[in-house]
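*Asks:* Input: one structure, supplied below.
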């Protein structure tokens with residue numbers, strides 16, 4: 003898989019990380035220049051402890067997918083605090099997206115979404131300022147993480163009833179599914195009836211069918 007025109011200016015040398023995901027079992031992920039990742043906050047100061055590094059330069063996947071968290075990142079964090087949750091020498095890239103950021107983990111990374119203007123419009127006016135620039139979506143193809151025991155690479159038909167997924171939101175080549183929840187909801191990204199990514203999203207942005215459609219189109 004060749005780098006895109008957006009990625010080309012940011013390519014750096016070094017060892018390349020093999021990416022064996024459900025979506026791309028034989029692709030190679032080229033390392034990108036870190037997108038302004040600041041130093042990790044001190045746990046003693048109320049910050050987030052960074053993850054450890056592998057010889058490839060990408061942190062080893064740790065933690066779990068639970069309620070509002072996916073590994074080191076939690077819904078509601080600011081962009082700066084989301085970056086500080088990952089080790090400082092790990093790479094990140096927006097890949098040309100203004101409201102998505104991709105963080106390198108071994109063997110597959112995590113991508114987080116920040117609300118686009120249309121998504122912010124789903125909130126009451128008094129909540130929009132606080133929500134701007136915060137994590138409202140977190141996804142991964144890394145099989146270290148599981149949504150209620152379900153990992154990337156699983157056929158949707160095997161787990162749809164157990165997860166109680168609703169009707170799909172069809173955006174481009176992807177079909178998105180939500181699982182029930184109060185403050186947060188589980189998310190499945192599906193192609194060709196196979197789950198490619200699992201994650202979490204803020205429930206307040208997906209209350210209605212129309213809200214969910216606006217939400218997922220905001221990250222297309």
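Residue numbers (this note's numbering): 3 to 222. C-beta atoms are modelled at their ideal positions from N, C-alpha and C, and glycine is treated no differently.
I think residue 136 touches residue 80, with their Cβ atoms under 8 Å apart; what is that distance to the nearest whole Å?
*Replies:* Indeed they touch by this definition, with Cβ atoms about 6 Å apart.
*Asks:* Classify residue 98: buried if its beta carbon has 16 or more other beta carbons within 10 angstroms, exposed otherwise.
*Replies:* exposed
*Asks:* Which value, in whole angstroms, describes the spacing of the CA atoms of residue 213 and residue 63?
*Replies:* Straight-line measurement puts the Cα of residue 63 at about 32 Å from the Cα of residue 213.
*Asks:* Can you check DSSP and say which residues form a bridge with residue 157?
*Replies:* 196
*Asks:* Tell me the rounded alpha-carbon separation between residue 159 and residue 66.
*Replies:* 24 Å
*Asks:* Please give the ranges of any alpha helix (DSSP H) in the stretch 50-137, keeping only runs that are unbroken, at least 4 residues long and fully inside the region.
*Replies:* Secondary structure within the stretch 50-137: the alpha helix (DSSP H) runs of 4 or more consecutive residues, fully enclosed, are 81-86, 119-122, 127-133 (chain order).
*Asks:* Counting pairs of Cβ atoms below 8 Å between the stretch 113-126 and the stretch 161-169, do you hit three or more?
*Replies:* The stretch 113-126 vs the stretch 161-169: no contact.
*Asks:* When the Cα atoms are used, what is the spatial distance from residue 125 to residue 215?
*Replies:* 15 Å
*Asks:* Give the secondary structure of residue 171 by DSSP, where H, G and I count as helix, E and B as strand, and everything else as coil.
*Replies:* strand
*Asks:* Determine the burial state of residue 203: buried for a count of at least 16 other Cβ atoms within 10 Å of its Cβ, exposed for fewer.
*Replies:* Result: buried.
*Asks:* What residue range does the alpha helix (DSSP H) around residue 216 cover?
*Replies:* 211-219
*Asks:* Could you check the C-alpha separation between residue 172 and residue 178 for me, to the nearest Å?
*Replies:* 6 Å
*Asks:* Tell me the DSSP secondary structure of residue 143 in three-state form.
*Replies:* coil
*Asks:* Roughly how many whole angstroms lie between the Cα atoms of residue 68 and residue 188?
*Replies:* 9 Å
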